[in-house]
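*Asks:* One structure, pasted below without further comment.
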Amino acid sequence: VLFRSYHFNVCNPIMGQCHQVSDPLGNFGRKLIYGFGFVSSKDDYRLFVGGLQRRSSENFVYVYSLRSKEWKKIGAFDEGKFSILWGGRGVLVNETLHWDISQVWTS
Numbered sequence: 002v003l004f005r006s007y008h009f010n011v012c013n014p015i016m017g018q019c020h021q022v023s024d025p026l027g028n029f030g031r032k033l034i035y036g037f038g039f040v041s042s043k044d045d046y047r048l049f050v051g052g053l054q055r056r057s058s059e060n061f062v063y064v065y066s067l068r069s070k071e072w073k074k075i076g077a078f079d080e081g082k083f084s085i086l087w088g089g090r091g092v093l094v095n096e097t098l099h100w101d102i103s104q105v106w107t108s
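Those letters in the sequence shown? Residues 2 to 108, per this note's numbering, in order.
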């Protein structure tokens, strides 16, 4: 997963395929966390994005399904716990994905 210019590129180097995913808000915002994983029960790869909107400073959480090619807003997060998410690493344990979270600062 590569984040660049307010969109993501999800690539499979083995298959030589790359899929561009647009930002559901048009401009993700100043602070952004994201992760990528596989949901085996749905046979689907998912992209998780959370952050603060640029214009309103409201927080958001969206999940993108590569299977349906749609974003779904799943709510917001506790801003008091937001800083805990920065810099974590993802691990798949017993079919449960613990998200690989990355920080992106945009201007």
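Every residue gets a Cβ at the ideal spot worked out from N, C-alpha and C, and that includes glycine.
Values in this document were obtained by computation on a predicted structure and should not be read as measured data.
Give me the Cα-Cα distance between LEU67 and ASP45, rounded to the nearest whole angstrom.
*Replies:* 6 angstroms
*Asks:* Can you give the Cα-Cα distance for PHE37 and VAL22, rounded to whole angstroms?
*Replies:* 12 angstroms
*Asks:* Around the Cβ of GLY51, are there at least 16 other Cβ atoms within 10 angstroms (buried) or fewer (exposed)?
*Replies:* buried
*Asks:* Measure the C-alpha to C-alpha separation of PHE49 and ALA77 and round it to an integer number of angstroms.
*Replies:* When rounded, the distance between both Cα atoms is 12 angstroms.
*Asks:* In whole angstroms, what is the alpha-carbon distance linking PHE39 and ARG47?
*Replies:* 6 angstroms
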